[in-house]
Every structure is written in structure tokens, then in C-alpha cells.
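Peer 1:
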DNA sequence: TTGTGGTGT
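Residue numbers (full-length UniProt numbering): 1 to 991.
1) Helix, strand or coil for residue 387, going by three-state DSSP, please let me know.
2) Cutting at 6 Å between CB atoms, please list the residues of its own chain near residue 742, excluding the five before and the five after it.
3) Measure the Cβ-Cβ separation of residue 361 and residue 194 and say whether it is below 8 Å.
4) Exposed or buried, what is residue 566 when buried is set at 16 or more other beta-carbons lying within 10 Å of its beta-carbon?
5) Compute the Euclidean distance between the alpha carbons of residue 846 and residue 723, then round it to the nearest angstrom.
6) Along the chain, where does the alpha helix (DSSP H) that runs through residue 546 open and close?
7) Per the DSSP calculation, residue 814 is bridged to which residue(s)?
8) How would you write the range of the alpha helix (DSSP H) that residue 102 sits in, first residue to last?
9) By how many angstroms is the C-alpha of residue 467 removed from the C-alpha of residue 650?
10) Hey, residue 322 and residue 342: beta-carbon distance below 8 Å or not?
11) Between residue 568 and residue 46, what straight-line distance do the alpha-carbon atoms span, to the nearest angstrom?
12) Taking the alpha-carbon of residue 396 as reference, which of 247, 952 and 429 has the nearest alpha-carbon?
13) Here's the rule I'm using: 16 or more other beta-carbon atoms within 10 Å means buried, otherwise exposed. How should residue 969 be labelled?
14) Three-state secondary structure (DSSP) at residue 271?
15) Determine the closest residue to residue 347 out of 929, 291, 949 and 196, with distance taken between C-alpha atoms.
16) Note down the Cα distance separating residue 228 from residue 116, rounded to an integer number of angstroms.
17) For residue 818 and residue 769, what's the separation of their Cα atoms in angstroms?
18) Which one or two residues does DSSP pair with residue 362 in a beta bridge?
19) Straight-line CA distance for residue 282 to residue 634?
20) Check for me: the beta strand (DSSP E) holding residue 619 runs from which residue to which?
21) Do residue 930 and residue 843 have their CB atoms nearer than 8 Å?
22) Mind reading off the beta-carbon distance from residue 111 to residue 142? Whole number of angstroms is fine, and I expect it under 8 Å.
23) On the CB-based measure, 16 or more other CB atoms within 10 Å of its CB, does residue 487 come out buried or exposed?
24) In three-state terms, what does DSSP make of residue 325?
25) What does a CB cutoff of less than 8 Å around residue 213 pick up in its chain, not counting 5 residues either side in sequence?
26) For residue 117, which of helix, strand or coil comes out of DSSP?
27) Under 8 Å, do residue 33 and residue 249 count as touching if we go by C-beta distance?
28) Determine the direct distance from the alpha carbon of residue 813 to that of residue 1001, and round the result to whole angstroms.
29) Considering only residues of the same chain and omitting the five flanking positions on each side of residue 942, which have a CB-CB separation below 7 Å?
30) From residue 335 to residue 628, what distance separates their C-alpha atoms?
31) Going by the beta-carbon positions, is the gap between residue 162 and residue 133 smaller than 8 Å?
32) In three-state terms, what does DSSP make of residue 596?
33) Alpha carbon to alpha carbon, how far is residue 388 from residue 296? Give it in angstroms, no decimals.
34) My assumption, with CB atoms under 8 Å, is that residue 653 sits in contact with residue 675. Please give the rounded CB distance.
35) Using beta-carbon positions only, say whether residue 381 and residue 137 come within less than 8 Å of one another.
36) Excluding five sequence neighbours on each side, which residues of the same chain lie with their C-beta closer than 6 Å to the C-beta of residue 93?
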């Protein structure tokens, strides 16, 4: 062991005895202190001095890879040993540790991953969790894990380091509220920072609308932005007046950085260097921040400069107090990335960035009161994230349930339920929230569960080769660079990777391009230039390839087959869809700004920077949906709705409407509608309804097909029953009552009784009937008596004849019962040539079955003083009928005259024709005449015979003559029933 | 018409 020394100028060095003592006496201690205290580098050395690191490693975690490797290098350097020998680091894709090492720097993600293979973390005798106050998902998970582990590893020592303000929280977490674990506070070596509050001067112009439901009008948004830029410029001015020194300005995003850069450039002399700084900047652009020059530098940064990067030499800070914060919305299941006010802890961290080399000044662009009202801490990531991945990992580690896991701040039941729901959606857990075999496979993949699901689907779809490339691309940052100053050039360069239907395919094209670039490279330098010329980040390309090769290793270990034949669009995209079912969209309008309707009623738009923004089709899926100024879909591709049906079958909710009988397929169909998370995938699809609702389908089959008659069958019962019903219906019209035929329900009941329950369609019915009718041929035959109500028995052909003979010509009679209709009553079909032969007098008698009612009404129309001699009127009418029949006098003479004579005979009363009020009788008591031509076509119809004869009389006569001349000489006059001389004679007689 | 920063089986 080399000699261990401690740099005396670090605050932590002076407290090392105290720390060592606390660690000897306690299993867990908290060390709090601000940046510059030296805790990160010195703590492992204090542990070493205590003899730790011998039985097991001193594990030391950092939130970021860079920090892990640089800390390892520094400690190794301070111990005077080569990196990797006694002090090494392990991050993803890089492990420098040799066997006999004592100190292992690593990312917290690595330690978390190791719990999978080493659940008791036996490799370690001491663990330092650094920067615990950052409260990333990994850190919160580790803190819970360690809390559970401690009783089972009494020999394990744990040090948590944190910023001063939240040390207590950790102390209570590892101890109890009453007896927290010791906190050792080490001062930071920070200079004094003076904080000035310079709230933004709001423009005096009033904001026009106060409706909270309306979006902020553009003009107002623009004014607010200008106000912010004015505030930045004024603050920078104020700081520059204080003296020399570089300025760091915290802004929420790239856009604000660009605007501020523009405002400052207009305002400041050219020798001031204005440097943007955010994570997506190319390495070269970021490097400018670390090169110092003589000019004053104004660095415009996102919160990358709050924790991840330390900009050297900063004397002044301007804090807009804003940041974009990622939050997962459980309601819509989308991520939000909106600008929020930062917490006090973040504001203080920002201010601290100017106290590292000398006293500093920080200007906050908001009120002190505003600061004091802000929350103390940024919400930990676990309260802002989808928990699906966390739950999956916990399940595969066989940890206690999420519900009871000792999180520092446990997620809400609602968030947990949401996480389970997503896992169910991808099939990782079953209905009881237990891990499925598929879930176990997913847990083995170092990917978001949804991306992991795509890989498993790709295995089944024979597109794993392509999917590995796409899936790894989706889990790293986009390799495409789009520098602020060269956006158009970048877009132009990226065009060659574009595809008209899918942005996922762009990843494959970039991949191929890079493979070829590597293959044909002349030097590393040339490759780098090539990447730069194509606006691709070599760093991110490398990361992508690293993830890809890691996945490839797992795939080979599992023995999963890589396809050699190139996958089709459908193969790849249905596999992608398996993981993206929550991110589908349907364009429900043609106007340009319409956007897409998505799951759960959300509405989103394609990211404006997308190549497909104007050409994506009706149905799309998106790799991600993030709500910024609007809900935007990034990385989209066209899909077919049929794929959703196939891939999302387990999520489709189907409903059925309008069940109805269809004659041609001889089955009951219904309109099926399918929705996925409320989004209609299809509707109005006619499907066979029988299997879904056999009872209802059978009812409809009986009602509409068998009883309604909408059915094609050769089964004899059917024609028989139909005819029977039709006959009876004809009777109904004759008797002018609709209750002759029994109700349809009774006929339905008849079929219902005889047909087995499982008959739901034509095919099933025919099969059954064929068998069943063999033994019982009259099965399903309806019987006339059963179909008729007894009261209707009086309807006979004598009473309601089918035809009437007029001068030897048979004219058809039809009956219709429909009050108000022109056809109501009885209609006589009169051939044109015989029109003049029809006698109005005879027509007054109608048919025997209708006369009694007519007579009754005629009597009723008489004045009271006359009709009282005939009461009761119905009886008189009935007896009148009897007398007519007895005399065989039906149809003979004028009806009214005959009736007048009868009354006189029976009562001695003198009634005149004018006493009858004919106009009070309903229309159906007068014969309806239908004039037809020789082809049976109707020429006219009406009850006024005289009017018809006046109109058609001439034509009728001409046709009558023609027939008489044409037939008489050839001796064919007897054809039909026509006898011309007799007809002529009768006509004369009638006139 | 435009997205903060990290991490890994």
C-alpha cells in the first residue's frame, strides 16, 4: 500500500479523523459539503487508511461517466499508482480495473446493474454514493436497495455524500426519525457570492386576455421573450460594470440561448466572446468554453453547466430561474418537457458556479420573494418518471414489491399502477402483475421495456438484424448534428438519409453510411472530417455502435437468430409497433394544421423538423411523444391500421352495433368497432355476429329470416309457411282488419320452440333441418288454424270474390286495408277497351263482404227523425243483407233505390235519395277503378267512374271497335270471355 | 413550425 497523504488545503482533510471515527462506529454516515470540499477524492483515501478496501472493494459511485473516470484518475494520481492497478473505474463499455484493486470508481448505473449478479454486493466492503442530492432514478434506487441490504451485510460500510441542505433527509432514511445516522458537515471552499435580485421589467402594455383556457397570444409570448432578453442584457451590463471576469448565463433552452446571443451581440463590443453551451453542441463547439482567451467571455448555458460541466473562471452568474423539466404525465402517458421555475436548491447551485475562483456576483432575474416561495428541492426523478422500467428491474431482482420498497420518497400508487399498466401492455407482466417469461427476457436487455419489446418482436419477425440497429439508435442520442448556425446545411446533408415513409429507416441508412465510411477511411482524421462534413457526431455514432455491439453480444448469448435476408418494411415496422402501440396516431383532418388523434384522446403534431412533417400518411407511429410548446411526435413512420389490429390485438376493445340479418351470407352481422386506448382503429366492419352473441343472433335469424322471409332456402316448410301467411294477409285486407293473422311473436315462438339453441345462421340451420326433417318431414310446418284468429273465419271468397264479371269480362278485384291511401278498400282492374262497359250502379254494391258496413253507414247518414225507425242500425243492416241474399238480389238495380224500397217495406217510412248524406261515407265505401292497358299497365286510377270514362271514353271505344272488327270475321270472337254483340247491348242498357 | 441533463443488465 502506498503512503496516503491528504492535501492540506482541502477542507475535508482537516476532518478526516472525525470522519474515520464516525465510520468505525457506524455502518452508515452522511458527509455533506459543497463543491470544493474535496470529499469526492479524499473519502476513498480515508477509507483506505482505515484498512477498508482489503476484504472487498471500496466502491464509489458517480452520476456521470466522465466524473467516474476523472475521479479515478485523480485518486490514482494522488496515490502515485497507475490507473487501474489499485484505483480504477468501470463505466459502460469501459473497465480499467485490475484484479487486486482497492478502489473502484463507477457510475451509479453500474453498481445498480451489479446487484443483478451480486445481490449482496459481496464484491465491496465499503460503498460511497456520491452526489446523492442529485436524486436521479439510479441514486434513489440504490439508496433503497442499500437500506434493505445493510442488515444482511453488517460488515458493509456506506457513505452517502450530499449537498448540505438535504443531508438530514438521508440521515433519517438510513437511521430513524428519532435516531438519524451521523451527518458530518464539511465546509466547501467556496468564495462569497453576492446575490442580487433584478426582476424582469414587464412591459407596461396590459396583457389583453385573462381567459386561462386560451393559449397565450403570440404577441404576448413574443413580448415576454423580449422582456427576458432585455433582462439578460441589462444584467450582463451591470456585471460588466463591476469589473473584469467571465459571465455564465443560465437559460432554459437552445432557443433562448440563440435569442440571447443575438441580443448580446447587437449590444456588446465585438471583443466580447459570446459562447453558447448545451449538451447537443458538437465537441468542438463545447471545447471553446474551456479555452480561455483575453476577451471577456459570456457563456450562455442550459443547466448542463449546473452539474455536468464546470465552466472555468466564472466570476458572474445570471440566472433566469428557468429550466426545462421532464415530467411524465400519467393522465396522457406522455412526457412533458416544459419550462418551469427552478427550485431553490438549483438556484443556489447555479449561484455557486461563480464562487469557485474568487468572490462572485449572481444576478437572479426574479424577485427575492419569488425565490423564497419556490420549493426547496427539485422533485426527485422517480416522482417525475414512468415507473415501468423501475418495476421491471425490481421484479427481476426479486425485490420486495415497489409498494413496500424503502424509497426515500415513494412514488404514488397511481404512478405505480401506471408502470404496471405499461408492463402489461408490452406483455412483461400478467394480470396479477407477475413477471411473464417475456418479461424475464425483457429484463435481460439493457433497454427501455418498450424498446426491449421491439427486439423480441423482431426475433419473431425475422428482422432482428435491422432492429438491433434501430433499437440501439433509439436508446442513444440522435447522432445527427444540427448546429445553430448551419441548420440548413445540416438538413441538406441529412437528406440523403431520409426516407419518404419512415424516419426509423434513416437510422439504417446512417448506419450503412458510417460502416462504409469506416471501411474506406484513410485516417482517423479523415473519418472525423467526413463525419463533420455530414453533420454527424462521431461521439454519438461511437456510443451507438457500442450499444449495438452490447446488444449483439446478448443476442448471441441467447442464441437468437439474426436474419440474413433483408427485412421488409412491414416486418421491421410491425416489430417496432409492438413497442409503440401507445404512440400511434390518426390524421383526422385534411387541413394542414390538423395534427393527429392519438391514444386516450390526445392530439399531437409531427415535430416540425421532421422530414415527414408534411408527407406522413393517415396512420403513423412515433418513437416518442413529448409535450413542449405543443405535443410533438418525434421519429415517425407510416403504418397500416391492419398492423395495429394484429400487433395490438390484446389491447383492442371491440364493440358491436346494428346487428342485422343478411340474406346473402345467411347470417346475422353486426358493425364492429375497435378502439385502442380510445382511438378508433376501425368501425362499421360487418362481422358474423352469431358466435359473439348466439342468443341475439338466433332471435334475429328467426325473426328476420324465417318469419320475415328474407331467406333463400329449398326447405319445403319455408315456402309452405310463407304462402300460408300470405293467404291470411290477403284475408286481412278483405276483411279490413289487421288482426286475422296471429302476431309475428307467436310465429317466432313456434320456431323458437322447434329449433335448437345453437342455431345462429343459415348454414347451421340447413344442416340441422336436413337431419331433423328426415324423421319428421312436417317439422316446422305451420297449420292454417294456428295462424288465424277465430273471429276472422267469416272471410270467404264468396264474401270477397277475386273477380267481378262485367258483361262477360272477368275483371280482377284486389283488396287493400290502408285508410287514407288511394288504394284503400276494393279496386276493380278495368281493361281500357271495357271501360265504357262498366256500370256505376253495379259498382255501388261493392262486394258482399263490404256491403253490410256500407248500408249501416248509409242509414247512419239519415236525419235522426228518419233513422230512429231503423234502430239498432247494425241489426237493420244485417237483416237487410239477409233479405238481399234470400232474394239473390245482390248487385241488381240501384243500391239506394233498393234500400229505399226495403225501408218502406219494413217500416212504412218514405225516404228520399237526397236524405242520404253520401259525402259522410269514407272513401273505401266506393269502388276504386284502375284503368289498365292491354299489357296490364295502369293508365289511371280513381273512384269517379264518370270522370275516367270521360277522359278515356274515346280511346276505349276505338280499342273496342278495333277488337270487334279484328275478331268477328275470323270467327275468333269467342276468344276469352268477350262477346261483342252482348257487350254492346249491355252498354246500351247501362247508359 | 422546433427538446434540459444524465445513466445501464
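The beta carbon of each residue, even a glycine, is placed where N, CA and C say it ideally should be. These numbers come from a predicted model, not from an experiment.
Peer 2: A quick look at the data gives this:
1) Against the first chain, residue 387 aligns to sequence position 387. In the structure shown, residue 387 sits in coil (DSSP, three-state: anything other than H, G, I, E or B).
2) Sequence index remark: in the first chain, residue 742 carries index 742 (1-based). 787, listed in sequence order.
3) Numbered from its first residue, the first chain carries residue 361 at position 361. Numbered from its first residue, the first chain carries residue 194 at position 194. Going by C-beta atoms, residue 361 is nearer than 8 Å to residue 194.
4) Residue numbering aside, residue 566 sits at position 566 when the first chain is read from its first letter. Exposed.
5) Within the first chain, numbered from 1, the residue matching residue 846 stands at position 846. Within the first chain, numbered from 1, the residue matching residue 723 stands at position 723. So the alpha carbons of these two residues sit roughly 27 Å apart.
6) Numbered from its first residue, the first chain carries residue 546 at position 546. Its alpha helix (DSSP H) spans residues 538-558.
7) Here residue 814 is taken as the residue at index 814 of the first chain, counted from 1. Answer is 827, bridged to residue 814.
8) Position 102 of the first chain, counted from the first residue, corresponds to residue 102. No alpha helix (DSSP H) holds residue 102; DSSP gives it neither H nor E.
9) Reading the first chain from its first residue, position 650 is the one you call residue 650. Reading the first chain from its first residue, position 467 is the one you call residue 467. If you take the alpha carbons of residue 650 and residue 467, they lie about 23 Å apart.
10) In the first chain, counting from the first residue as 1, residue 322 sits at position 322. In the first chain, counting from the first residue as 1, residue 342 sits at position 342. Result yes, Cβ atoms of residue 322 and residue 342 sit closer than 8 Å.
11) Indexing the first chain from 1 puts residue 568 at position 568. Indexing the first chain from 1 puts residue 46 at position 46. The straight-line gap from Cα to Cα measures roughly 59 Å.
12) Within the first chain, residue 396 is the residue found at index 396, counting from 1. Nearest C-alpha to residue 396: 429.
13) Here residue 969 refers to the residue found at position 969 of the first chain. Low per-residue confidence applies at residue 969: pLDDT is 41, beneath 50, and the placement is therefore not dependable, though the value from the model is reported in the following sentence. Looking at its Cβ environment, which holds fewer than 16 other Cβ atoms inside 10 Å, residue 969 is exposed.
14) Taking the first residue of the first chain as 1, we reach residue 271 at position 271. If DSSP states are grouped into helix, strand and coil, residue 271 belongs with coil.
15) In the first chain, counting from the first residue as 1, residue 347 sits at position 347. Looking at the Cα atoms, 196 is the closest of the given residues.
16) Locating residue 228 in the first chain gives position 228, where the first residue counts as 1. Locating residue 116 in the first chain gives position 116, where the first residue counts as 1. So the two alpha carbons sit approximately 48 Å from each other.
17) Taking the first chain and counting its residues from 1, the one referred to as residue 818 is at position 818. Taking the first chain and counting its residues from 1, the one referred to as residue 769 is at position 769. The straight-line gap from Cα to Cα measures roughly 38 Å.
18) Along the first chain, read from residue 1 onward, the residue named residue 362 stands at position 362. Partner(s): 195 and 317.
19) Your numbering for residue 282 matches position 282 in the first chain. Your numbering for residue 634 matches position 634 in the first chain. Their Cα atoms are separated by approximately 21 Å.
20) For the purposes of this step, residue 619 is taken as the residue at position 619 of the first chain. Note, residue 619: beta strand (DSSP E), 619-627.
21) Counting from one through the first chain, the residue named residue 930 turns up at place 930. Counting from one through the first chain, the residue named residue 843 turns up at place 843. Cβ atoms of residue 930 and residue 843: not closer than 8 Å.
22) As a first step, residue 111 must be located in the first chain, where it is residue number 111. As a first step, residue 142 must be located in the first chain, where it is residue number 142. Confirmed, about 6 Å.
23) Residue mapping note: residue 487 aligns to position 487 of the first chain, counting from 1. By the neighbour-count rule (16 or more Cβ atoms within 10 Å), residue 487 is not buried but exposed.
24) What you label residue 325 is simply residue 325 of the first chain in a count that begins at 1. Residue 325 falls in the strand class under three-state DSSP.
25) Numbered from 1 along the first chain, position 213 holds the residue referred to as residue 213. With a pLDDT of only 41 at residue 213, under 50, the local geometry of the prediction cannot be trusted, and the value read off the model is given with reservation. If we look at residue 213 and ignore the five residues flanking it on each side, it has no Cβ neighbours.
26) As a working mapping, residue 117 is identified with position 117 in the first chain. Three-state result, residue 117: helix.
27) Counting from one through the first chain, the residue named residue 33 turns up at place 33. Counting from one through the first chain, the residue named residue 249 turns up at place 249. No, Cβ-Cβ distance for residue 33 and residue 249 is not below 8 Å.
28) Nothing in the structure corresponds to residue 1001, since the chain is present only between 1 and 991.
29) The residue given as residue 942 occupies position 942 in the first chain. If we look at residue 942 and ignore the five residues flanking it on each side, its Cβ neighbours are 929 and 948.
30) As a working note, residue 335 is residue 335 in the first chain. As a working note, residue 628 is residue 628 in the first chain. Their backbone Cα atoms lie some 9 Å apart in a straight line.
31) Here residue 162 corresponds to residue number 162 of the first chain, with the count starting at 1. Here residue 133 corresponds to residue number 133 of the first chain, with the count starting at 1. Yes; because the gap between Cβ atoms is below 8 Å, this pair is in contact.
32) The residue labelled residue 596 in the question sits at position 596 within the first chain. In this structure, residue 596 counts as strand in the three-state DSSP scheme.
33) Translated into the one-based positions of the first chain, residue 296 becomes position 296. Translated into the one-based positions of the first chain, residue 388 becomes position 388. So the alpha carbons of these two residues sit roughly 47 Å apart.
34) Here the question's residue 653 lines up with position 653 in the first chain. Here the question's residue 675 lines up with position 675 in the first chain. Confirmed, Cβ separation roughly 5 Å.
35) As a first step, residue 381 must be located in the first chain, where it is residue number 381. As a first step, residue 137 must be located in the first chain, where it is residue number 137. Taking 8 Å as the Cβ cut-off, residue 381 and residue 137 qualify as a contacting pair.
36) Looking up residue 93 in the first chain gives position 93. Closer than 6 Å at the Cβ level, and outside the excluded window around residue 93, lie 546.
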